[in-house]
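Take 853 as the starting number for the sequence shown in this note's numbering and just add one per residue.
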Amino acid sequence: MTHFPPSETGINDLTRRIDDKVAEIAPHLVALRRDIHAHPEIGFETQRTADLVAHELRQMGLEVTTGIGRTGVIAEITGALPGPCLILRADMDALPIEERTDLPFASQIQGAMHACGHDIHTSALLGAAYVLRDLTQELAGRVRLVFQPAEETVESGAAAMIADGAAEGADMAIAFHNQPELPAGELRLIHGASTASSDEFCVTVLGSSGHAARPHLALDPIVACAHIITQLQTIVSRRMDPADPMVLTIGQIAGGFTENIIPDSCSFKGTIRCRSAQTRDMAEERFRQICTDTARALGVRAEVTYLRGAPALQNDKTLVDRALTSLSAHFGTAPHTQTGTDFGAEDFSYFSERLPALQFHVGSGQPGRDDRLHNSDYQPDESAITLSARALSRLAADFLSPAR
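Next comes the structure, spelled out in structure tokens:
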């Protein structure tokens, strides 16, 4: 990606200072990433990674708070002038996947791998911290560095850190994610929802067992489940606005233990994903209604367990517009912009529920490869580390500029 050539203007002097500092520390950031990659930790068990992060931050002369949200780390960089507080957040946890890359720094932990690039996120935010520490005279406000555990687990590390005060006093928040479908060197901004909410359900239909030859003397929960599952699809096709889509997926169904007995119960599990709070509420209401009413009509009973996960991550329009101006100025070309279409989940959304927030995407696709996140052979381009550090640094400098 191109950027403005060095000049004596204020904007381009800032560009040069950020880029020069990132270039200087780039080998160290890559080494940090490879160390983290070789020692992946899952969920809240990110103690080694948190210790490494805390050590780096203390080496910068920053005051560090550990144990936030169990194993999260926070540090702040205070500008020369008063102003708002901007959160920069990176996730630190890995996935329960056996690595298949054969890289020299491949995972040394059986059954664990950084297959989502959180090792890149952590090292990139450390890189931004090194830059912003040297830019305090140009900052009006505070940068709060948030290193989060447990983004990949049902129990959210973001929610845990927020419960421990990570968002208190903050005015806005920025996160980022590497994307292998984007070529290395490219950036992307998303208008509106960047991800979807992710809610889980389990429905158990209770009937009455009997002989397969005498179904009239039983209450068949398998047939009832089939009717319920079919009816649930009408939530998407007949109850929701096509312009505000949702996805309902049944991922598991279980019932019975042999071929000639109607069982007492049958159950199914799945997820519902929505891109707006209104659709999410309506989906849950209709889901419960269809399960209970269809079961009742067939003479059986449905027990519904419905667990809400992370909400949709909503990108604040003002922050997206400001980020477009900032990143275009720094790199000399505008990032890609698009309306979100992803139905994956991201628990940075808990921050976006509380304050204006933005998540941008960083290209990590290597030439000649067709990588995907959460894959045992995922090999992101390490240039995503320095690109992320440069983008984070420039966004923070512009969002906290005295002349903003």
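Backbone N, C-alpha and C define an ideal beta-carbon position, used for all residues, glycine too.
C-alpha gap between residue i and residue j, whole angstroms
i: P948; j: L1239; result: 27 Å
i: V882; j: Q1218; result: 16 Å
i: D1173; j: L1100; result: 32 Å
i: L1176; j: A1186; result: 7 Å
i: V1055; j: V1088; result: 18 Å
i: V1075; j: P1097; result: 29 Å
i: S1235; j: A1010; result: 26 Å
i: S1119; j: I939; result: 43 Å
i: R996; j: A1045; result: 24 Å
i: A875; j: S1245; result: 13 Å
i: I894; j: D1016; result: 20 Å
i: P1232; j: D887; result: 15 Å
i: S1178; j: L1171; result: 10 Å
i: A1209; j: D1199; result: 12 Å
i: A1154; j: R1066; result: 23 Å
i: D1250; j: E990; result: 9 Å
i: I1102; j: T1086; result: 14 Å
i: Y1230; j: P1032; result: 9 Å
i: A932; j: I972; result: 30 Å
i: D986; j: A980; result: 10 Å
i: V1152; j: F1028; result: 48 Å
i: L1084; j: G1192; result: 25 Å
i: L1252; j: H880; result: 27 Å
i: V925; j: H891; result: 18 Å
Neighbour-count burial assignment, residue i, 16 or more Cβ in a 10 Å radius
i: V1006; result: exposed
i: N1030; result: buried
i: T974; result: buried
i: K873; result: buried
i: E1004; result: buried
i: Q1211; result: buried
i: E915; result: exposed
i: H1068; result: exposed
i: R1221; result: exposed
i: A927; result: buried
i: D871; result: buried
i: P858; result: Any reading at P858 must be qualified, since the residue scores a pLDDT of 38, below 50, and its modelled position is unreliable; no value is offered.
i: T1082; result: exposed
i: P934; result: exposed
Close Cβ partners of residue i (< 6 Å) along its chain, the five nearest in sequence each way excluded
i: D1194; result: T1047
i: A958; result: E951
i: R1127; result: A1045, A1048, A1164
i: V1156; result: V1055, R1140, C1143
i: E1038; result: G1215
i: R1206; result: A1019
i: M853; result: Annotation note: pLDDT 38 at M853 (below 50); position unreliable, no value reported.
i: G969; result: N1030, P1232
i: H889; result: F957, H966, D971
Beta carbon of residue i nearer than 8 Å to that of residue j
i: I1026; j: Q1190; result: no
i: A1241; j: A906; result: no
i: A942; j: F896; result: no
i: G921; j: A1012; result: yes
i: P1113; j: H1063; result: Note that residue 1113 is Ile in the sequence shown here, rather than Pro. A contact, by the Cβ cut-off of 8 Å.
i: L984; j: A1248; result: yes
i: R994; j: T918; result: no
i: F1139; j: F1053; result: yes
i: Y1158; j: S1008; result: no
i: L1150; j: H1226; result: no
i: D1072; j: C937; result: no
i: A946; j: T923; result: no
i: R885; j: I1237; result: yes
In DSSP terms, what residue i is bridged to
i: Q1190; result: I1042
i: A890; result: DSSP output for A890 lists no bridge partner at all.
i: P1035; result: G1217
i: T917; result: I926
i: G1062; result: I1114
i: E1052; result: T1123, L1159
i: G1107; result: C1118
i: M1013; result: DSSP output for M1013 lists no bridge partner at all.
i: A997; result: According to the sequence shown, residue 997 is Leu rather than Ala. DSSP, once it has assigned bridges, lists A927, L940 as partnering L997.
i: H1182; result: BP columns for H1182 are empty, so no partner.
i: L984; result: The partner list for L984 (beta bridge, DSSP) is empty, contrary to what the question assumes.
i: T1101; result: T1123
Beta-carbon contacts of residue i that lie in its chain and below 7 Å, excluding the five residues immediately before and after
i: S1050; result: T1123, R1125, G1161, A1162, A1197
i: R910; result: V916
i: Y982; result: K873, I877, M912
8 Å CB neighbourhood of residue i in its chain, flanking five on each side removed
i: M1134; result: R1091, M1092
i: L1034; result: R1040, H1188, H1213, V1214, G1215, S1216, G1217
i: E860; result: Residue placement at E860 cannot be trusted, given a pLDDT of 39 that sits under 50; the coordinates are not used to answer.
i: Q962; result: E950
i: D1116; result: L1058, G1059, S1060, S1061, P1073
i: S1228; result: I949, E950, E951, R952, T953, M965, A967
Any C-beta of chain B under 8 Å from that of residue i
i: S1235; result: The structure shown contains no chain B, having only a single protein chain.
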